[in-house]
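To keep things clear, I will list the structure first and then write my remarks on it.
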Amino acid sequence: MGKIFCPNCGKEVEDTWKTCPYCGFDLTSIKKENAVEEKNKAQQPQPAPLSTPQPVPQTNSENATSSPTKKNKWVSIAIILLIIIIVVPLVAYFSTGTIQVIYHSVLHNNIKIYIDGNCKGEFPSDTYITFHWITPGSHTVEATTTGGTFLAQETVTVNPGQTTTVELSYLK
């Protein structure tokens, strides 16, 4: 008893089976064809081999085909990461601007800085504070005390990729 493969579905079946249990294909027709082929082969003279066939080296087909794919996958990932790390910040930097606020006061108190009405935080006076990723255009920069008392305000224009410096002061 031997094993053969169903020509219809490709599953391995016993050579004594009449039909394929997987797809129902009539296996008796294959046996008749095989018998005719074997009879014809036996009647034809076989040429003598010119040389002894050399064994074909066996390779692990999974590793042979997946290594270049894995390498290509890592190269693609590296390229994408480089784009994210280098190109995206450059595009963002050159499509936005920076506002640098300098606030002077004889009071030496802490202040709050607002850009377009949005509080950017509390900072000590007589220092400079830099705000990145500001959209280009006109912006209002304001300084108040930590309690909310108005101290100074100025409107500035921000250009892409440039730093705009604003000097606010409360010298009384």
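Numbering (our numbering) for the sequence shown: 715 to 886.
C-beta: ideal position from N, C-alpha, C; glycine also.
In the structure shown, residue 717 adopts extended strand secondary structure according to DSSP, grouped into three states. For residue 802, the uninterrupted alpha helix (DSSP H) run begins and ends at 802-809, by DSSP. Beta bridge pairing from DSSP links residue 869 with 854. In this structure residue 846 is in contact with residue 812, their Cβ atoms being roughly 5 Å apart against a cut-off of 8 Å. When secondary structure is reduced to three states using DSSP, residue 789 falls in the helix class.
Here DSSP, grouped into helix, strand and coil, assigns residue 725 to coil.
Assigned with DSSP and collapsed to three states, residue 834 falls in strand. Of the residues 791, 827, 877, 733, the one whose Cα lies closest to the Cα of residue 859 is 827.
Pairing residue 836 with residue 825, the inter-Cα distance amounts to about 6 Å.
Within the same chain, 808 come within 6 Å of residue 875 by CB-CB distance, once the 5 residues on both sides are set aside.
By a beta-carbon distance limit of 8 Å, residue 800 does not contact residue 881. Their separation comes to about 34 Å. Around the CB of residue 795, fewer than 16 other CB atoms lie within 10 Å, so the residue is classed as exposed. As computed with DSSP, residue 828 is found in a beta bridge with 833, 856.
Pairing residue 786 with residue 797, the inter-Cα distance amounts to about 17 Å. Residue range 841-848 is occupied by the beta strand (DSSP E) that includes residue 845. According to the DSSP secondary-structure assignment, residue 812 is paired through a beta bridge with 877.
In this structure residue 883 touches residue 818 by the C-beta definition: roughly 4 Å separates them, less than 8 Å. Nearest in C-alpha terms to residue 814, of all of 832, 843, 834, 791, is 843.
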